[in-house]
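Novice:
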Amino acid sequence: MDIILIFVFAVICAGLVEGTCPSTCSCVDYSSGSHVNCNSKYLGRIPTLPKDTYYLDLSGNPLNCDCSIFAFWSWLIERSSIYNIGSSATCSNGTLVKSLQSAALDICHPDNCQCFNGGKCVAMGYELICDCIGQWTGTFCQESQCTSYDCGFGDCYIEPVNGTAQCLCGDRYVNYCPEQEKSPQQIQEQNEWLRSIP
Numbered sequence: 001m002d003i004i005l006i007f008v009f010a011v012i013c014a015g016l017v018e019g020t021c022p023s024t025c026s027c028v029d030y031s032s033g034s035h036v037n038c039n040s041k042y043l044g045r046i047p048t049l050p051k052d053t054y055y056l057d058l059s060g061n062p063l064n065c066d067c068s069i070f071a072f073w074s075w076l077i078e079r080s081s082i083y084n085i086g087s088s089a090t091c092s093n094g095t096l097v098k099s100l101q102s103a104a105l106d107i108c109h110p111d112n113c114q115c116f117n118g119g120k121c122v123a124m125g126y127e128l129i130c131d132c133i134g135q136w137t138g139t140f141c142q143e144s145q146c147t148s149y150d151c152g153f154g155d156c157y158i159e160p161v162n163g164t165a166q167c168l169c170g171d172r173y174v175n176y177c178p179e180q181e182k183s184p185q186q187i188q189e190q191n192e193w194l195r196s197i198p
């Protein structure tokens with residue numbers, strides 16, 4: 001009984017490792033690999049495909065060919081010699097996905113998007129942009145809001161709840177510190193100096 005359970009478990013795990021047929025498509029397994037038919041399924045994105053896919057029909061699914069298509073396009077190019085892998089995949093403008101030019105999609109490569117300070121790369125049309133968090137701004141989330149916020153003689157502080165820049169003048173928050181606040185010791189020293197003048 002244990003041997004049968006181990007065998008069943010191994011078969012199930014092997015199926016998961018190889019990938020499964022997307023629920024929106026139909027698949028037939030052949031000795032040479034999987035034949036995946038996703039014809040006219042109104043797919044909004046490319047489903048996860050079995051690793052051994054050797055035939056893929058995506059006709060009737062006008063795809064959004066922006067940076068979100070980069071991974072699929074790369075996968076197609078790597079398998080260009082395999083029979084009918086994605087030869088029917090077209091963009092919403094009618095262009096074949098396989099015919100997209102490398103130069104147009106190179107900007108979509110994740111290595112071309114380096115966000116700093118916790119920013120995340122997101123696809124925006126044919127480019128990757130940084131979605132910055134907190135106080136960080138700029139193309140690569142490299143600039144603090146305090147960099148361009150003039151506090152005069154105060155210190156810039158980022159309010160943690162709404163992320164806005166404020167000035168810290170002495171012990172209070174304001175929009176601008178017109179003059180340098182003096183500590184009690186500095187005030188005492190200034191008063192002593194004024195008293196010493198004849």
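Numbering follows the UniProt record's numbering, with no gaps: position 104 of the sequence shown is 104. C-beta atoms are modelled at their ideal positions from N, C-alpha and C, and glycine is treated no differently.
(1) Identify the continuous beta strand (DSSP E) that holds Asp29 and give its terminal residues.
(2) What's the gap between the Cα of Trp75 and the Cα of Cys169?
(3) Note the first and the last residue of the continuous alpha helix (DSSP H) segment covering Ala165.
(4) How about Cys156 and Ala165: do their beta carbons lie closer than 8 Å?
(5) Determine the closest residue to Cys113 out of Pro62, Ser32 and Thr139, with distance taken between C-alpha atoms.
(6) Using a Cβ-Cβ cutoff of less than 8 Å, which residues in the same chain neighbour Gly119 once the five nearest sequence positions on both sides are dropped?
(7) Where does the unbroken beta strand (DSSP E) through Ala123 begin, and where does it stop?
(8) Where does Asp106 fall in DSSP's three states?
(9) Can you grab the Cα-Cα spacing for the pair Glu143 / Asn117, in whole Å?
(10) Quick one: grab the DSSP three-state call for Ser144.
(11) Going by beta-carbon coordinates alone, are Asp57 and Cys27 separated by less than 8 Å?
(12) Taking the straight line between their C-alpha atoms, what separation do you get for Asp52 and Ala103?
Specialist: The relevant details are as follows:
(1) Ser26 to Tyr30
(2) 57 Å
(3) Where Ala165 is concerned, there is no enclosing alpha helix (DSSP H), although the beta strand (DSSP E) it sits in stretches over Ala165 to Cys169.
(4) yes
(5) Taking each of Pro62, Ser32 and Thr139 in turn and checking the Cα distance to Cys113, the smallest one comes out for Thr139.
(6) These residues qualify, in order along the chain: Cys130, Asp131, Cys132, Ile133, Trp136, Phe140 and Cys141.
(7) For Ala123, the enclosing beta strand (DSSP E) starts and ends at Lys120 to Met124.
(8) Helix at Asp106.
(9) 9 Å
(10) strand
(11) No, the Cβ-Cβ distance between Asp57 and Cys27 is not below 8 Å.
(12) 29 Å
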